[in-house]
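**Student:** Here the sequence shown is numbered in the UniProt record's numbering, starting from 1 and rising by one per residue.
The beta carbon of each residue, even a glycine, is placed where N, CA and C say it ideally should be.
Please read these numbers as outputs of a predicted model, since none were measured by experiment.
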Amino acid sequence: MDSTPFSLSACGVNRHHWYPNGDLIIVNTLPGSTYQLFRIHKSLLMRYSPVFARNLHAAKEIRNGILVHRVEEQPRSIDALFRCLYQPSVKPFKDTDIVAYEELLDLCIKYQILSVVKRIVTHFHAYYPATLRQWDWNEAKLIYASSQCGFDLEEYFPEPIAMIQLARKHHIHSLLPIAFYYLSTINPNCEYADRTIRSGRNSVESQAHLRAGRCSARWRDLQPDDCSRLLHGKNTIACHVLNDFLVVPTCEDRHCFHERSQLHKSIIEEAIMDRDVLLALKRGLYNLSPAGTFQGVCVNCRHTLGVSIEKRREGLWLDLPALFGLLECRSAWSRLVVNTGHGSVSGQASN
1 MDSTPFSLSA CGVNRHHWYP NGDLIIVNTL PGSTYQLFRI HKSLLMRYSP
51 VFARNLHAAK EIRNGILVHR VEEQPRSIDA LFRCLYQPSV KPFKDTDIVA
101 YEELLDLCIK YQILSVVKRI VTHFHAYYPA TLRQWDWNEA KLIYASSQCG
151 FDLEEYFPEP IAMIQLARKH HIHSLLPIAF YYLSTINPNC EYADRTIRSG
201 RNSVESQAHL RAGRCSARWR DLQPDDCSRL LHGKNTIACH VLNDFLVVPT
251 CEDRHCFHER SQLHKSIIEE AIMDRDVLLA LKRGLYNLSP AGTFQGVCVN
301 CRHTLGVSIE KRREGLWLDL PALFGLLECR SAWSRLVVNT GHGSVSGQAS
351 N
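1. Kindly indicate which three-state DSSP category residue 65 falls into: helix, strand or coil?
2. When we look at the beta-carbon of residue 175 and count the other beta-carbons within 10 Å, is it buried (16 or more) or exposed?
3. Take the Cβ of residue 190 as the centre, count every other Cβ of all protein chains shown within 10 Å, and call the residue buried at 16 or more, exposed below.
4. Between which two residues does the alpha helix (DSSP H) containing residue 180 stretch?
5. Taking 9 Å as the cut-off, decide whether the C-beta atoms of residue 48 and residue 85 are in contact.
6. From which residue to which residue does the alpha helix (DSSP H) around residue 284 run?
7. Measure the alpha-carbon distance for residue 78 versus residue 39 and round it to whole angstroms.
8. Using CA atoms only, rank isn't needed, just tell me which of 294, 320, 70 is closest to residue 236.
9. DSSP state of residue 27, grouped into three classes?
10. Inspect the CB distances between the segment 273-285 and the segment 295-303 and report whether three or more fall short of 8 Å.
11. For residue 108, count neighbouring C-beta atoms within 10 Å of its own C-beta (all shown protein chains included) and say buried if the count is 16 or more, exposed if not.
12. Shortest alpha-carbon distance to residue 160 belongs to which of 61, 223, 316?
13. Could you tell me which residues DSSP pairs with residue 39 in its beta bridges?
14. How would you call residue 185, buried or exposed, if buried means at least 16 neighbouring beta carbons within 10 angstroms?
15. Based on DSSP bridge pairs, tell me the residues matched to residue 191.
16. Helix, strand or coil for residue 11? Go by DSSP, reduced to three states.
17. What did DSSP end up calling residue 71 once you bin it into helix, strand or coil?
18. To the nearest angstrom, how far is it from the Cα of residue 66 to the Cα of residue 24?
19. Can you grab the Cα-Cα spacing for the pair residue 183 / residue 217, in whole Å?
20. Using 8 Å as the threshold, is the segment 323-336 in touch with the segment 116-124, meaning 3 or more CB pairs across them?
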């Protein structure tokens with residue numbers, strides 16, 4: 001820790017976290033950055049962090065009658081930490097800023113501030129859940145956002161490759177299956193670093209980006225092993241719709257058979273167009289409904305096919321770790337899905 005003498009008056013004051021009745025001054029002495037002062041309440045920090053509690057008990061530096069403790073951390077991470085402690089209902093960063101959240105997560109793990117760690121992991125699980133119903137809800141929001149703005153969906157959803165790297169680094173295995181699945185739906189030609197800054201809805205770059213895929217990813221950061229997992233998973237997932245699972249041997253109605261064949265064809269076309277088998281199967285369910293396209297399917301087959309499609313979606317969801325070769329999280333994912341239920345939105349876990 002830097003013990004170089006310094007003047008409080010020469011340091012920058014963080015106006016968000018300078019409480020006149022605070023009894024502790026945190027000085028950020030990160031090399032290469034301007035020293036920054038935070039005046040907070042010692043009891044709050046000691047309550048949430050056993051590491052800070054030990055350090056503050058041993059601290060002896062006093063300035064103007066106030067205890068001073070030095071840290072070497074990213075200024076925005078320190079600011080975000082105190083924001084989380086003083087204003088728990090306020091999010092410290094934009095939802096999709098994985099880099100900033102990862103810096104804060106590293107800080108909280110270092111100082112064992114488990115309440116904030118849990119909040120960050122819960123935040124990630126809101127986007128990459130362990131329940132199919134929550135994922136359907138997330139996709140519905142993405143589709144709505146696409147219909148409203150047409151592009152820039154990076155602003156609505158955390159980028160999956162960065163999420164995969166974060167999940168591996170911190171052993172948050174329950175984020176991996178759906179992060180890989182979401183990555184499999186993104187066009188490899190859409191590189192996150194190459195996305196244009198779009199000033200208008202009708203720019204050529206924007207429309208080309210929209211046609212190429214729903215969103216972009218940091219493809220250049222994808223590790224070779226993860227690339228192999230992704231390719232294997234995409235090929236295996238395709239079998240969930242290419243194989244004819246809409247056969248009803250007991251039905252001999254030729255018109256119903258034709259409608260079932262057309263339904264299967266439409267599901268395959270949707271899966272190819274959107275690269276999203278779960279969404280294609282969901283749309284197939286809608287097309288079987290009274291408001292859907294295929295009204296020629298008989299009543300008995302309509303029920304049988306609906307059950308078949310639901311089981312196919314649930315089976316695909318449960319098998320995501322195996323499909324992408326994520327052996328480290330297969331058992332945890334299975335327990336998580338079974339315990340929360342395919343239709344439950346609550347009950348997320350961090351590992």
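**Tutor:** Here's the rundown:
1. Start at 1 with the first residue of the sequence shown, and residue 65 comes out as number 65. Reduced to three states, the DSSP call for residue 65 is coil.
2. As a first step, residue 175 is located in the sequence shown; it is residue number 175 there, counting from the start. It is buried - the Cβ of residue 175 has at least 16 other Cβ atoms within 10 Å.
3. Counting from one through the sequence shown, the residue named residue 190 turns up at place 190. With 16 or more Cβ atoms within 10 Å of its Cβ, residue 190 is classed as buried.
4. Within the sequence shown, the letter at position 180 stands for residue 180. Counting along the chain, the alpha helix (DSSP H) containing residue 180 begins and ends at 176-184.
5. Position 48 of the sequence shown, counted from the start, is the residue given in the question as residue 48. Position 85 of the sequence shown, counted from the start, is the residue given in the question as residue 85. Going by C-beta atoms, residue 48 is nearer than 9 Å to residue 85.
6. Locating residue 284 in the sequence shown gives position 284, where the first residue counts as 1. Element bounds for residue 284: 277-288.
7. To locate residue 78, count along the sequence shown from 1; it is residue 78. To locate residue 39, count along the sequence shown from 1; it is residue 39. Using only the alpha carbons, I get a separation of about 12 Å.
8. For the purposes of this step, residue 236 is identified with residue 236 of the sequence shown, where counting begins at 1. Residue 236 has its Cα closest to that of 320, out of 294, 320, 70.
9. Numbered from its first residue, the sequence shown carries residue 27 at position 27. In this structure, residue 27 counts as strand in the three-state DSSP scheme.
10. no
11. For the purposes of this step, residue 108 is identified with residue 108 of the sequence shown, where counting begins at 1. So residue 108 counts as buried.
12. Taking the sequence shown and counting its residues from 1, the one referred to as residue 160 is at position 160. Closest option to residue 160, Cα to Cα, is 223.
13. Residue 39 sits at position 39 when you count from the first residue of the sequence shown. According to DSSP, which records beta bridges pairwise, residue 39 is partnered with 18, 25.
14. The sequence position of residue 185 within the sequence shown is 185, counting from 1. With 16 or more Cβ atoms within 10 Å of its Cβ, residue 185 is classed as buried.
15. On the sequence shown, residue 191 is found 191 positions in, with the first residue counted as 1. In the DSSP output, where bridge partners are listed per residue, residue 191 has 217.
16. Sequence index remark: in the sequence shown, residue 11 carries index 11 (1-based). Residue 11: coil per DSSP, three-state reduction.
17. The residue labelled residue 71 in the question sits at position 71 within the sequence shown. The answer is strand: DSSP assigns residue 71 an E or B state.
18. Stepping through the sequence shown from its first residue, residue 66 is reached at position 66. Stepping through the sequence shown from its first residue, residue 24 is reached at position 24. In a straight line, the C-alpha of residue 66 is about 6 Å away from that of residue 24.
19. As a working mapping, residue 183 is identified with position 183 in the sequence shown. As a working mapping, residue 217 is identified with position 217 in the sequence shown. Whole-angstrom Cα-Cα distance: 7 Å.
20. no
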